[in-house]
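**Q**
In the working numbering, the protein residues as written are 9 to 727.
1. Give me whichever residues DSSP pairs with residue 84 in a beta bridge.
2. So, helix, strand or coil for residue 166, using DSSP?
3. If residue 185 and residue 171 are in contact, beta carbons under 8 Å, what's the gap, nearest whole angstrom?
4. Name the DSSP bridge partner or partners of residue 489?
5. Would you decide whether residue 415 is buried or exposed? Buried here means 16 or more other CB atoms lie within 10 Å of its CB.
6. Under a three-way DSSP split, which group does residue 1 fall into?
7. Assign residue 89 to one of three DSSP states: helix, strand, or coil.
8. Label residue 200 either buried or exposed according to how many other C-beta atoms from any shown protein chain fall within 10 Å of its C-beta, with 16 as the threshold for buried.
9. Report the rounded CA-to-CA distance for residue 706 versus residue 220, giving the unit in angstroms.
10. Checking 8 Å against the spacing of the C-beta atoms, do residue 48 and residue 34 come in under that value?
11. Taking the C-alpha atoms as reference points, what is the distance between residue 696 and residue 290?
12. Residues in the same chain with beta-carbon distance under 8 Å from residue 324, minus the five sequence neighbours each way, listed in chain order, please.
13. For the stretch 400-409 against the stretch 303-318, do three or more pairs of beta-carbon atoms, one drawn from each stretch, fall closer than 8 Å, so that the two count as touching?
14. Quick one: Cα of residue 342 to Cα of residue 511, how far?
15. Between the alpha carbons of residue 621 and residue 378, how many angstroms are there, rounded?
16. Measure the C-alpha to C-alpha separation of residue 310 and residue 426 and round it to an integer number of angstroms.
17. Taking residue 315 as the reference, which of 711, 645 and 689 has the closest Cα?
18. Excluding the five sequence neighbours on either side, which residues of its own chain have a C-beta within less than 6 Å of the C-beta of residue 153, listed in chain order?
19. Leaving aside the five residues before and after residue 494 along the sequence, list all residues of the same chain whose C-beta is less than 6 Å from its C-beta, in chain order.
20. Does the stretch 253-271 touch the stretch 230-240, meaning 3 or more C-beta pairs lie closer than 8 Å?
21. How long is the line joining the alpha carbons of residue 556 and residue 564, rounded to whole angstroms?
22. Roughly how many angstroms lie between the CA atoms of residue 253 and residue 89, to the nearest whole one?
23. According to DSSP, residue 515 sits in a beta bridge with which residue or residues?
24. If you reduce the DSSP assignment to three classes, tell me which class residue 342 lands in.
25. Should residue 149 and residue 118 be called a contact, given that it needs their Cβ atoms to be closer than 8 Å?
26. Please report the residue range of the alpha helix (DSSP H) in which residue 288 lies.
27. Classify residue 14: buried if its beta carbon has 16 or more other beta carbons within 10 angstroms, exposed otherwise.
28. Going straight from the alpha carbon of residue 710 to that of residue 68, what length do you get?
29. Looking at the structure shown, is residue 126 part of a helix, part of a strand, or coil, going by DSSP?
30. Taking 8 Å as the threshold (C-beta atoms), are residue 91 and residue 24 in contact?
31. Apart from the five residues just before and just after residue 66, which ones in its own chain have a Cβ nearer than 6 Å to its Cβ?
32. What did DSSP end up calling residue 414 once you bin it into helix, strand or coil?
33. Restricting to runs no shorter than 3 residues, where is the beta strand (DSSP E) found entirely within the stretch 531-562?
34. Answer with buried or exposed for residue 317, where buried requires no fewer than 16 other C-beta atoms within 10 angstroms of its C-beta.
35. Can you list, in chain order, the residues of its chain whose CB lies under 7 Å from that of residue 525, leaving out five sequence neighbours each side?
Set out below in structure tokens:
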């Protein structure tokens with residue numbers, strides 16, 4: 009008989025998690041003494057997780073870098089070279105010039121730094137550096153002036169990572185690379201935990217997390233770096249989407265909603281009373297909302313629609329569904345001007361539509377719509393408040409006055425919030441909490457500011473999103489022109505005069521209320537006085553700005569609507585909701601001071617009637633092209649412009665600005681990673697719907713707990 013084999017103890021090695029890495033101070037790494045640890049802290053690097061998620065800002069492909077001998081004057085290039093000599097000299101005006109000569113075996117290059125005296129200390133003979141800049145010729149030789157410099161030390165390999173460097177902190181890219189390499193080497197015995205379900209990783213063709221962390225910092229090829237970036241960016245987006253989807257599903261489980269009947273007579277009567285056919289987009293969105301209203305959990309839906317796409321009709325159909333079932337509806341707008349306009353517009357839409365009432369002798373009763381703002385006072389206010397409390401008011405339209413403590417509802421069933429970005433979380437929640445019986449009203453939030461799809465899926469990811477992407481027939485497209493400089497501006501005022509002579513009206517929008525010496529931009533008051541005295545002398549010119557009291561603002565708007573004002577000079581107070589079909593010219597002064605997200609809705613104030621409309625973007629720029637202005641001239645599609653805007657502005661941060669932002673996107677980009685955002689959202693729904701509390705995905709849950717503060721989560725889910 010053979011002897012039984014010796015039994016060996018089984019050693020279970022737990023893979024290293026992000027929490028483990030966050031528990032290891034960088035001071036534990038070789039070469040990180042007190043001085044370097046303090047320097048790293050100024051860069052936001054306190055522990056090994058911070059270090060490993062400080063990703064290279066670019067990678068130098070040494071197999072593809074330019075040699076000095078191949079450089080072409082007038083072109084930008086990246087070269088790796090050794091410092092041959094450094095010389096600093098003062099100029100006549102007591103500034104400095106540092107001349108550095110570098111070489112790479114194929115030739116030499118002169119590098120000149122103006123007003124950067126510290127370069128003499130930074131660069132010394134024999135140092136290996138990467139230079140990126142434009143190549144010029146000077147005295148028959150090649151030269152770079154003030155290029156970007158990366159100290160790469162003796163880094164070898166085909167692909168060299170270049171890390172963010174700080175002259176102030178005195179941390180170089182090769183030091184960061186050395187510490188990263190050591191940290192990665194010390195993770196190898198245990199390996200890096202990968203909490204993302206293996207099926208998801210495989211289905212999406214992602215590489216493992218451990219492999220990705222190695223390949224992002226020390227790739228063998230650019231292709232390997234790209235695969236690493238895709239995986240790690242997906243992880244960042246998945247964590248954000250998990251926070252949103254967990255909150256969304258929790259709200260659906262925990263909040264008791266109202267199961268509305270959506271096939272009632274009142275909404276059908278409204279549809280029949282409309283003088284036009286709904287667009288396909290309106291019909292589709294109303295059905296999406298109806299499905300939400302029928303569900304037992306409360307609706308949380310974002311309605312995006314370009315200016316003039318028919319959001320109001322959708323909102324009215326939603327509110328009438330509530331009234332059909334014996335509930336009340338509320339619409340909250342950010343300004344009194346907009347609330348008053350909504351009230352007038354909605355009353356006109358439902359004129360002649362009565363409410364079926366079995367207990368009424370005539371079988372019907374009038375639909376009661378009221379307006380509640382701080383301007384409504386005395387007995388009228390008391391009457392409205394009593395009607396809200398006893399159910400006599402069906403629909404109330406108002407400002408933040410709706411959320412005051414004294415306002416009580418008998419049976420609030422639907423809340424519509426217009427231009428939701430103008431309200432805080434607390435304001436929206438306060439209105440939603442007005443429901444008296446513990447059931448949460450359905451909420452529809454509307455915006456005329458088109459949001460790029462990826463941003464909507466992330467910033468408003470706990471909301472369902474509906475899009476009105478079709479214009480009703482009869483809307484005349486607005487032609488946009490750029491008037492740059494005084495000569496072209498004079499032509500703008502000629503156009504305004506011609507339109508007024510033809511019986512039309514115009515807006516003139518200025519970015520400031522009062523003149524500011526710091527910002528040389530036109531102010532509404534100064535512009536009004538100038539136009540009255542000069543370019544528009546003889547015309548009836550009104551003034552509207554945010555510092556006027558409500559009664560003054562409304563008086564001006566009434567005069568403009570009635571046609572007794574020809575030209576309205578205003579600040580962006582007219583950006584949202586002002587509707588005067590006879591206004592056919594929009595002049596925006598200092599248009600370069602506005603973002604696309606402001607310019608597009610401003611332009612939407614005209615083109616609301618049957619007459620051809622024009623928008624003039626007036627600037628005083630030296631250059632002959634401006635990306636924002638060019639985009640507005642080229643396109644009237646709000647969603648296309650939203651993507652351009654995201655491209656130009658960058659996405660900013662997703663998390664609360666008060667946080668250090670460790671959990672913010674470091675690799676992922678809402679602009680470049682549109683496909684990954686959608687994949688991460690789908691994966692988050694799949695994970696949460698199979699495991700609502702992430703009980704079987706403890707690793708993912710732990711990462712969310714580690715990387716997101718309560719404040720971050722509140723900021724993310726502010727919808």
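All C-beta atoms, glycine included, are put in the ideal place defined by N, C-alpha and C. Fair warning: this is a prediction, and the values are worked out from it, not measured in the lab.
**A** Let's see:
1. Your numbering for residue 84 matches position 76 in the chain shown. In the DSSP output, where bridge partners are listed per residue, residue 84 has 142.
2. Counting from one through the chain shown, the residue named residue 166 turns up at place 158. The three-state secondary structure of residue 166, taken from DSSP, is coil.
3. In the chain shown, counting from the first residue as 1, residue 185 sits at position 177. In the chain shown, counting from the first residue as 1, residue 171 sits at position 163. That pair is a contact at about 6 Å.
4. In the chain shown, counting from the first residue as 1, residue 489 sits at position 481. Bridge partners of residue 489: 624.
5. As a position in the chain shown, residue 415 is number 407, starting the count at 1. Taking every protein chain shown into account, the CB of residue 415 has 16 or more other CB atoms within 10 angstroms, so this residue is buried.
6. Since the first and last residues shown for the chain are 9 and 727, residue 1 lies out of range.
7. Start at 1 with the first residue of the chain shown, and residue 89 comes out as number 81. Shown here, residue 89 sits in a strand according to DSSP, grouped into three states.
8. Taking the first residue of the chain shown as 1, we reach residue 200 at position 192. Buried: at least 16 other Cβ atoms inside 10 Å.
9. Working through the chain shown from its first residue, we reach residue 706 at position 698. Working through the chain shown from its first residue, we reach residue 220 at position 212. The alpha-carbon atoms of residue 706 and residue 220 are separated by roughly 21 Å.
10. Reading the chain shown from its first residue, position 40 is the one you call residue 48. Reading the chain shown from its first residue, position 26 is the one you call residue 34. In this structure, residue 48 lies near residue 34, with their beta-carbon atoms less than 8 Å apart.
11. Reading the chain shown from its first residue, position 688 is the one you call residue 696. Reading the chain shown from its first residue, position 282 is the one you call residue 290. The alpha-carbon separation between residue 696 and residue 290 amounts to approximately 31 Å.
12. Here residue 324 refers to the residue found at position 316 of the chain shown. Cβ within range, chain order: 278, 354, 357 and 358.
13. Contact between the stretch 400-409 and the stretch 303-318 is absent, because fewer than three Cβ pairs lie under 8 Å.
14. Translated into positions along the chain shown, residue 342 becomes position 334. Translated into positions along the chain shown, residue 511 becomes position 503. Taking the CA atoms as reference points, residue 342 sits about 31 Å from residue 511.
15. Within the chain shown, numbered from 1, the residue matching residue 621 stands at position 613. Within the chain shown, numbered from 1, the residue matching residue 378 stands at position 370. If you take the alpha carbons of residue 621 and residue 378, they lie about 33 Å apart.
16. If you number the chain shown from 1, residue 310 lands on position 302. If you number the chain shown from 1, residue 426 lands on position 418. Approximately 10 Å, taken between the alpha carbons.
17. The sequence position of residue 315 within the chain shown is 307, counting from 1. Looking at the Cα atoms, 645 is the closest of the given residues.
18. Locating residue 153 in the chain shown gives position 145, where the first residue counts as 1. Closer than 6 Å at Cβ, skipping near neighbours: 120.
19. On the chain shown, position 486 is the one that residue 494 refers to. For residue 494, where only same-chain residues beyond five positions count, there are no Cβ hits under 6 Å.
20. Touching, no.
21. Taking the chain shown and counting its residues from 1, one reaches residue 556 at position 548. Taking the chain shown and counting its residues from 1, one reaches residue 564 at position 556. Residue 556 and residue 564: Cα-Cα distance of roughly 10 Å.
22. Along the chain shown, read from residue 1 onward, the residue named residue 253 stands at position 245. Along the chain shown, read from residue 1 onward, the residue named residue 89 stands at position 81. Going from the Cα of residue 253 to the Cα of residue 89 covers about 50 Å.
23. Taking the first residue of the chain shown as 1, we reach residue 515 at position 507. Looking at the DSSP assignment, residue 515 forms a beta bridge with 576 and 594.
24. The residue labelled residue 342 in the question sits at position 334 within the chain shown. Of the three classes helix, strand and coil, the one that applies to residue 342 here is coil, per DSSP.
25. By 1-based counting over the chain shown, the position of residue 149 is 141. By 1-based counting over the chain shown, the position of residue 118 is 110. Yes.
26. Working through the chain shown from its first residue, we reach residue 288 at position 280. 288-302 is the span of the alpha helix (DSSP H), which, as asked, contains residue 288.
27. Within the chain shown, numbered from 1, the residue matching residue 14 stands at position 6. Note on residue 14: pLDDT 47, under 50, position unreliable in the model; no value is reported.
28. In the chain shown, the residue the question calls residue 710 occupies position 702. In the chain shown, the residue the question calls residue 68 occupies position 60. Their backbone Cα atoms lie some 35 Å apart in a straight line.
29. Along the chain shown, read from residue 1 onward, the residue named residue 126 stands at position 118. Of the three classes helix, strand and coil, the one that applies to residue 126 here is coil, per DSSP.
30. Stepping through the chain shown from its first residue, residue 24 is reached at position 16. Stepping through the chain shown from its first residue, residue 91 is reached at position 83. No, they are not a contact pair.
31. Residue 66 sits at position 58 when you count from the first residue of the chain shown. Take residue 66, set aside five residues on each side of it, and the residues of its chain with a beta-carbon closer than 6 Å to its own are 170, in chain order.
32. Start at 1 with the first residue of the chain shown, and residue 414 comes out as number 406. In this structure, DSSP gives residue 414 a state outside helix and strand, which the three-state scheme calls coil.
33. Considered as a whole, the stretch 531-562 harbours 549-552 as its complete beta strand (DSSP E) runs of no fewer than 3 residues, in chain order.
34. If you number the chain shown from 1, residue 317 lands on position 309. Per the 10 Å Cβ criterion, buried.
35. Here residue 525 is taken as the residue at index 517 of the chain shown, counted from 1. Bear in mind that a pLDDT of 45 at residue 525, under 50, signals an unreliable position, so the model cannot answer this.
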